[in-house]
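In what follows, a structure is listed as structure tokens, so that the remarks can point back to it.
Residue numbers (my numbering): 3 to 164.
Below is the structure:
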């Protein structure tokens, strides 16, 4: 003996599951990007390379679902200082814009990572941005690195200090 209520119920459940699956797929596709700011203020080339590798790994893990900014502040600006400039700089002991460093910066820049360099730090160390810094797309100078970090966090960026 067949009960007439089972077929409509199973059809309803099938339609409900399909609708829920479509809604979930739409939620995944329309997912808001993660916004992250990495703060680099170390002069150590080893530390800077590790930070850039972390940025690359983060990009690979999230794909298109992430927007990353790297704020270079204090001695961290040495990441982009050309070695020839080291002789006339004030207070920096390293100029880390070596071919290895700049290759990774260029790769990340091409993938949409924005590098923000603190103008106060450039001035403090007598760095001429037109002659002493490695340049690439997505490298910009901001007036104050710490203020930029605060502004980005206020806008919802997650702060990472590698």
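Backbone N, C-alpha and C fix where the C-beta goes; we use that ideal spot for every residue, glycine too.
Got a sec? Which residues, its chain only, sit under 6 Å from residue i by beta carbon, not counting five neighbours each side?
i	result
residue 121	143, 145
residue 135	82
residue 127	91, 92, 93, 94
Using only alpha-carbon positions, find the residue among the options that is nearest to residue i.
i	options	result
residue 92	123, 66, 71	123
residue 55	114, 147, 106	106
residue 98	46, 154, 71	46
residue 163	131, 71, 100	71
residue 139	66, 147, 101, 115	115
residue 152	38, 79, 53	38
residue 84	110, 100, 155, 57	100
residue 69	57, 77, 79	57
residue 125	75, 111, 52, 62	75
residue 166	132, 133, 155, 103	In the structure as shown, the chain begins at 3 and stops at 164. Residue 166 is therefore absent and cannot be evaluated.
residue 60	147, 78, 110	110
Tell me the DSSP bridge mates of residue i?
i	result
residue 159	Residue 159 is not bridged to any residue.
residue 40	72, 162
residue 116	71
residue 82	None; residue 82 has no bridge partner.
residue 57	Answer is none; residue 57 lacks a bridge partner.
residue 135	83
Mark residue i as exposed unless 16 or more other C-beta atoms lie within 10 angstroms of its C-beta, in which case mark it buried.
i	result
residue 43	buried
residue 161	exposed
residue 89	exposed
residue 41	buried
residue 22	No answer about residue 22 holds up, because its pLDDT of 45 lies below 50 and its placement is not dependable.
residue 50	buried
residue 113	exposed
residue 63	exposed
residue 28	Per-residue confidence for residue 28 stands at a pLDDT of 38, beneath the threshold of 50, marking its modelled position as unreliable; no derived number is given.
Tell me which residues share the same chain as residue i and place their Cβ nearer than 7 Å to its Cβ, disregarding the 5 neighbours each side in the sequence.
i	result
residue 150	73, 118, 144
residue 108	138
residue 131	124, 143
residue 154	39, 71
residue 77	43, 44, 45, 94
residue 80	45, 94, 96, 97, 98
Measure how close the beta-carbons of residue i and residue j come, nearest whole angstrom, since I'm counting them as under 8 Å.
i	j	result
residue 141	residue 87	Between residue 87 and residue 141 the Cβ distance is about 16 Å, and since that is not below 8 Å, they are no contact.
residue 35	residue 65	At roughly 10 Å, the Cβ-Cβ gap does not stay under 8 Å, so residue 35 and residue 65 are not in contact.
So does residue i have its beta carbon nearer than 7 Å to some heavy atom of the ligand NAD?
i	result
residue 116	No copy of the ligand NAD appears in this structure; indeed no ligand is present at all.
Excluding five sequence neighbours on each side, which residues of the same chain lie with their C-beta closer than 8 Å to the C-beta of residue i?
i	result
residue 157	37
residue 159	37, 38, 39, 71
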